[in-house]
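Chemist: This is the structure I want to talk about, given as structure tokens.
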Amino acid sequence: MTSPTLPLVLSPEVAEARAKGGAIVALESTIITHGMPFPQNVETARRVEAEVRSQGATPATIAILDRKIHVGLTEAELDALGQATGVAKLSRADLAACLATGGTGATTVAATMICAHLAGIKVFATGGIGGVHRGAETSFDISADLRELAETPVTVIAAGAKAILDLPKTLEYLETLGVPVIAYGQDDFPAFWSRASGLKAPLRMDTAAEIAAAMIMRARLGLPGGQLVANPIPSTAEIPRAEITPHIEAALAEAEAKGIAAKAVTPFLLQRIFELTEGRSLTANIELVLNNARLGAAIARELAAQG
Ligand code: PSU
Ligand code: MN
1 MTSPTLPLVL SPEVAEARAK GGAIVALEST IITHGMPFPQ NVETARRVEA
51 EVRSQGATPA TIAILDRKIH VGLTEAELDA LGQATGVAKL SRADLAACLA
101 TGGTGATTVA ATMICAHLAG IKVFATGGIG GVHRGAETSF DISADLRELA
151 ETPVTVIAAG AKAILDLPKT LEYLETLGVP VIAYGQDDFP AFWSRASGLK
201 APLRMDTAAE IAAAMIMRAR LGLPGGQLVA NPIPSTAEIP RAEITPHIEA
251 ALAEAEAKGI AAKAVTPFLL QRIFELTEGR SLTANIELVL NNARLGAAIA
301 RELAAQG
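Under our numbering, the first residue of the sequence shown is numbered 1, with each subsequent residue one higher.
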């Protein structure tokens with residue numbers, strides 16, 4: 001299905017779910033192209049989609065192919081994307097240029113939120129969001145994901161922000177932007193590979209129904225923007241903070257020594273931590289994404305029922 005005004009292509013499954021007012025969960029593609037190695041990236045993307053379906057919702061993986069925003073990818077498209085080299089990492093600033101010039105692009109959290117909103121999708125599950133990088137007071141490296149949460153009405157489920165970031169500054173910045181940060185089922189703001197960050201999240205909710213109700217109320221009040229739901233990694237999959245911290249420090253020092261900057265920072269750090277943990281960080285990453293997909297489906301079902 002193609003809309004006449006927007007370069008938007010919905011997969012048949014997503015188009016059908018939208019027509020019925022069914023629960024839909026958007027999924028990003030940067031995690032596939034820049035966040036995980038092949039073939040685990042494609043396997044994970046498939047498992048995440050299957051998880052969403054098994055929870056009674058429709059998955060919508062988003063990417064830019066052939067001058068169109070694809071919302072819901074075919075098996076062949078997903079496979080090709082997972083193996084392609086030179087795919088652009090698209091944030092808010094890059095989206096229109098990629099569409100206009102015909103490049104292949106993977107959407108980050110910010111760009112996925114924009115595309116999901118254009119497609120009428122209100123819930124998006126991912127791994128971790130971008131945030132305020134350590135040393136941001138000199139580098140100015142603050143992910144565009146944060147401002148997107150303040151502008152675009154999509155609820156994003158993530159396992160917190162990666163511990164490679166400056167988590168206190170990330171929380172401060174989200175507060176400044178007026179973004180609700182909701183820890184799911186615990187008081188602590190989770191730290192991606194670890195359940196706890198030692199920082200209390202501003203808000204806590206224990207059910208998908210409350211999260212959906214808060215989102216509906218936010219829209220009713222005319223407040224722009226979305227919500228960040230910080231869902232802790234399952235305890236069976238977590239890497240305790242003490243264990244991951246030295247690897248994070250090593251990866252950060254290497255990034256600095258090599259002069260890695262801008263968009264390359266997050267993919268570089270993820271890849272180095274994968275190597276330093278001998279793959280454990282990837283196993284944890286996969287489990288937390290699946291966990292977020294489950295909660296995303298539950299929130300999407302509640303929204304479909306309450307909204
Ligand atoms: N979290 C992951 N893997 C990833 C990312 C986040 O577990 O690959 C990606 C997301 O697409 C996020 C982006 O939007 O990294 C943030 O990049 P930056 O820090 O350059 O804004
Ligand atoms: Mn950045």
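We put the CB at the ideal spot given by N, CA and C, even for glycine.
If you're wondering where the values come from, they're calculated on a predicted model, not measured in any experiment.
Indicate the three-state DSSP secondary structure (helix, strand or coil) for Ile216 in the structure shown.
Modeler: Three-state result, Ile216: helix.
Chemist: What is the rounded straight-line gap between the Cα of Ala230 and the Cα of Val181?
Modeler: 7 angstroms
Chemist: Count the other CB atoms within 10 Å of the CB of Lys89; is the residue buried (16 or more) or exposed (fewer)?
Modeler: Burial is judged here by how many other beta carbons sit within 10 angstroms of a residue's own beta carbon; Lys89 has at least 16 and is buried.
Chemist: Out of Phe38, Arg18 and Ala136, which has the shortest C-alpha to C-alpha gap to Val123?
Modeler: Arg18
Chemist: Got a sec, what are the start and stop residues for the alpha helix (DSSP H) Lys258 sits in?
Modeler: Arg241 to Lys258
Chemist: With a threshold of 7 angstroms on Cβ separation, who are the neighbours of Gly22 within its own chain once the five nearest residues in sequence on each side are excluded?
Modeler: Answer for Gly22: Thr58 and Ala304, listed in chain order.
Chemist: What is the rounded straight-line gap between the Cα of Ala262 and the Cα of Arg92?
Modeler: 14 angstroms
Chemist: Could you name each continuous alpha helix (DSSP H) segment of 4 residues or more that falls completely within the region 108-162, going from the start of the chain to the end?
Modeler: 109-118, 136-139 and 144-151
Chemist: I need the boundaries of the beta strand (DSSP E) containing Val9, first residue and last residue.
Modeler: Leu8 to Leu10
Chemist: Buried or exposed: Arg301, going by 16 or more other Cβ atoms within 10 Å of its Cβ?
Modeler: buried
Chemist: Grab the span of the alpha helix (DSSP H) containing Ala308 for me, first residue to last.
Modeler: Residue 308 lies beyond the residue range present for the chain, which begins at 1 and ends at 307; the question has no answer from this structure.
Chemist: Could you work out which residue in Glu243, Leu177, Glu238 and Val179 is closest to Ile286 when comparing CA atoms only?
Modeler: Glu238
Chemist: Which one of Leu149, Arg241, Ser235 and Ala297 has the shortest CA to CA distance from His117?
Modeler: Leu149
Chemist: Using the Cβ count rule (16 or more neighbours within 10 Å means buried), how would you classify Asp66?
Modeler: exposed
Chemist: Which value, in whole angstroms, describes the spacing of the CA atoms of Asn292 and Phe140?
Modeler: 29 angstroms
Chemist: Can you look up Gln227 in the DSSP assignment and give me helix, strand or coil?
Modeler: The three-state secondary structure of Gln227, taken from DSSP, is strand.
Chemist: Just the C-alpha distance for Leu95 and Ala111, rounded to the nearest angstrom, thanks.
Modeler: 7 angstroms
Chemist: If I measure Cβ to Cβ from Leu27 and keep anything under 8 angstroms in the same chain, skipping five residues before and after, which residues do I get?
Modeler: Result list for Leu27: Ala45, Val48, Glu49, Val52, Pro59, Ala60, Thr61, Ile62, Thr112, Phe124, Ala125, Thr126 and Ala293, in chain order.
Chemist: Whose C-beta lies closer than 7 angstroms to the C-beta of Ala255 among residues of the same chain, with five residues either side of it excluded?
Modeler: Excluding residues within five positions, the ones whose Cβ falls inside 7 angstroms are Val265, Phe268 and Leu269.
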